[in-house]
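**Student:** Here the sequence shown is numbered in this note's numbering, starting from 1 and rising by one per residue. Ideal Cβ placement from N, Cα and C applies to all residues, glycine included.
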Amino acid sequence: MPEAETIWIIGASDGIGAALAHEWAARGARLILSARSAGPLEELAASLGPDHLALPLDVSDRKSLVAAAQKIAGIGPLDRVVHLAAMYDPGKVADLDPETAGKIVLVNLTGSFHIAQIAPPLLRNGGQLALCGSVAGYIGLPQGQIYSATKAGVINLAQSLRAELAGQYDVRLISPGFVDTRLTQRNDFTMPAMVTRDTAAQGIIKGLGRRSFEVHFPRRLTYALKLLSVLPYWVALPLTSRLTR
Ligand SMILES: NC(=O)c1ccc[n+]([C@@H]2O[C@H](COP(=O)([O-])OP(=O)(O)OC[C@H]3O[C@@H](n4cnc5c(N)ncnc54)[C@H](OP(=O)(O)O)[C@@H]3O)[C@@H](O)[C@H]2O)c1
């Protein structure tokens, strides 16, 4: 029997992260569950069984990440780190509140950078680090900022990290389309090809078990947006400007 994997999920208190926790616990993994809200994390850890640890932190606060890393180092090497924590409050550039926009950059992009520095030394040799982008980062769409810009940044960060850590760690990029979570519940438009968080979690686990750098789903949406992002600007931008609601 292979030994149980030890997996650190950051952004585990809700949504895709919580669904991943359920799926991996059912497969026998030992989980370290992080997000800001201690209560939901502890409830989740307890509901999954005795082997799991709730470890609250804020990814925009380097000190809280360093403290969490010290605790994890005492537990032993990790097989995987999956970083999902993010804030979502998109809109038209002119309408954005600069303070909220700055906070989103700090959580989504700077937070991913902190994880990119802090997580690798906690992994076993060949262990996996997955960062979460979004199809929103493939190409700038109207009314999607500043969230989309942070996700474009995470994609770029994961690409650099994949090359820099090649041969030591297995760096991956997760690119979801629309998933039914509290994050998308605030959208007031029809979301094409939406999937449940359980479907997303199962797809992510399957994808991370394969070899491809990027785990993207659902394909009917991701391939359409990938195509849009590789078209010449003179074709793509008139198409995206038609998406203004
Ligand atoms: N849902 C979608 O359609 C969709 C599409 C594309 C990409 N994604 C990406 O998928 C990931 C998960 O999204 P989701 O839909 O599951 O969102 P969600 O339900 O809002 O969950 C986000 C998680 O991140 C945690 N979090 C937020 N800010 C944090 C911070 N500063 N420090 C630590 N943890 C923090 C939240 O917990 P606390 O509030 O307790 O901290 C929560 O556990 C995100 O990276 C998102 O951008 C989602």
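Would the C-beta of F113 count as close to ligand 1, meaning under 8 Å from any of its heavy atoms?
**Tutor:** Residue mapping note: residue 113 aligns to position 113 of the sequence shown, counting from 1. No.
**Student:** Determine the contact status of A38 and A54, defining contact as a CB-CB distance below 9 Å.
**Tutor:** Residue numbering aside, residue 38 sits at position 38 when the sequence shown is read from its first letter. Residue numbering aside, residue 54 sits at position 54 when the sequence shown is read from its first letter. Yes, these two residues count as a Cβ contact at 9 Å.
**Student:** When burial is assigned at 16 or more other CB atoms within 10 Å of the CB, is A67 buried or exposed?
**Tutor:** Here residue 67 refers to the residue found at position 67 of the sequence shown. Flag for A67 reads exposed.
**Student:** Indicate, with yes or no, if ligand 1 has a heavy atom lying under 8 Å from the CB of G177.
**Tutor:** Position 177 of the sequence shown holds residue 177. For ligand 1, at least one heavy atom lies less than 8 Å from the Cβ of G177.
**Student:** Sorted by chain position, which residues of the same chain lie with C-beta nearer than 8 Å to V135's C-beta, five sequence neighbours on each side aside?
**Tutor:** As a working mapping, residue 135 is identified with position 135 in the sequence shown. Correct list, in chain order: S175, P176, G177, H216, L221, T222, L225.
**Student:** Give the C-beta separation of P56 and A35 to the nearest angstrom, bearing in mind that I take them to be a contact with Cβ-Cβ under 8 Å.
**Tutor:** For this step, residue 56 is matched to residue 56 along the sequence shown. For this step, residue 35 is matched to residue 35 along the sequence shown. That belief holds up - the Cβ atoms of P56 and A35 are roughly 7 Å apart, short of 8 Å.
**Student:** Mind checking which residues open and close the beta strand (DSSP E) that includes T254?
**Tutor:** Given that the chain is displayed from residue 1 to residue 245, the structure contains no residue 254 and the question cannot be resolved.
**Student:** Can the beta-carbon of P121 be found less than 9 Å from the beta-carbon of S241?
**Tutor:** Within the sequence shown, numbered from 1, the residue matching residue 121 stands at position 121. Within the sequence shown, numbered from 1, the residue matching residue 241 stands at position 241. Not a contact, by the Cβ cut-off of 9 Å.
**Student:** I32 to M194, Cα distance in whole Å?
**Tutor:** By one-based count along the sequence shown, residue 32 stands at place 32. By one-based count along the sequence shown, residue 194 stands at place 194. Going by the C-alpha atoms only, they are around 28 Å apart.
**Student:** Looking at the secondary structure, which residues open and close the alpha helix (DSSP H) in which R80 lies?
**Tutor:** Within the sequence shown, the letter at position 80 stands for residue 80. From DSSP, R80 is part of no alpha helix (DSSP H) but of the beta strand (DSSP E) over 78-83.
**Student:** If the criterion is Cβ atoms closer than 9 Å, does the pair G153 and V81 meet it?
**Tutor:** As a position in the sequence shown, residue 153 is number 153, starting the count at 1. As a position in the sequence shown, residue 81 is number 81, starting the count at 1. No; because the gap between Cβ atoms is not below 9 Å, this pair is not in contact.
**Student:** Indicate, with yes or no, if ligand 1 has a heavy atom lying under 8 Å from the CB of S229.
**Tutor:** As a first step, residue 229 is located in the sequence shown; it is residue number 229 there, counting from the start. No - ligand 1 has no heavy atom lying nearer than 8 Å to the Cβ of S229.
**Student:** In terms of alpha-carbon separation, which member of L106, N156, A73, A85 lies closest to R124?
**Tutor:** Start at 1 with the first residue of the sequence shown, and residue 124 comes out as number 124. If we check each option's Cα against that of R124, A73 comes out closest.
**Student:** Just to confirm before moving on: does the CB-CB distance between H114 and R62 stay below 9 Å?
**Tutor:** Reading the sequence shown from its first residue, position 114 is the one you call residue 114. Reading the sequence shown from its first residue, position 62 is the one you call residue 62. Yes.
**Student:** Tell me whether A25 is buried or exposed, calling it buried when 16 or more other Cβ atoms sit within 10 Å of its Cβ.
**Tutor:** Your numbering for residue 25 matches position 25 in the sequence shown. Classification for A25: buried.
**Student:** Which stretch, first to last residue, makes up the alpha helix (DSSP H) that contains L227?
**Tutor:** Here residue 227 corresponds to residue number 227 of the sequence shown, with the count starting at 1. Here the alpha helix (DSSP H) through L227 covers 219-230.
**Student:** Once DSSP output is grouped into helix, strand and coil, what is the label at S241?
**Tutor:** Locating residue 241 in the sequence shown gives position 241, where the first residue counts as 1. Here S241 sits in helix by DSSP.
**Student:** Output the residue ranges of the beta strand (DSSP E) runs that lie fully inside the region 96-145 and measure 3 residues or longer, sorted by chain position.
**Tutor:** If we require 3 residues or more, the beta strand (DSSP E) runs fully inside the region 96-145 come out as 123-132.
**Student:** Going by other Cβ atoms of all chains shown within 10 Å of its Cβ, with 16 needed for buried, is Y233 buried or exposed?
**Tutor:** Residue numbering aside, residue 233 sits at position 233 when the sequence shown is read from its first letter. Flag for Y233 reads exposed.
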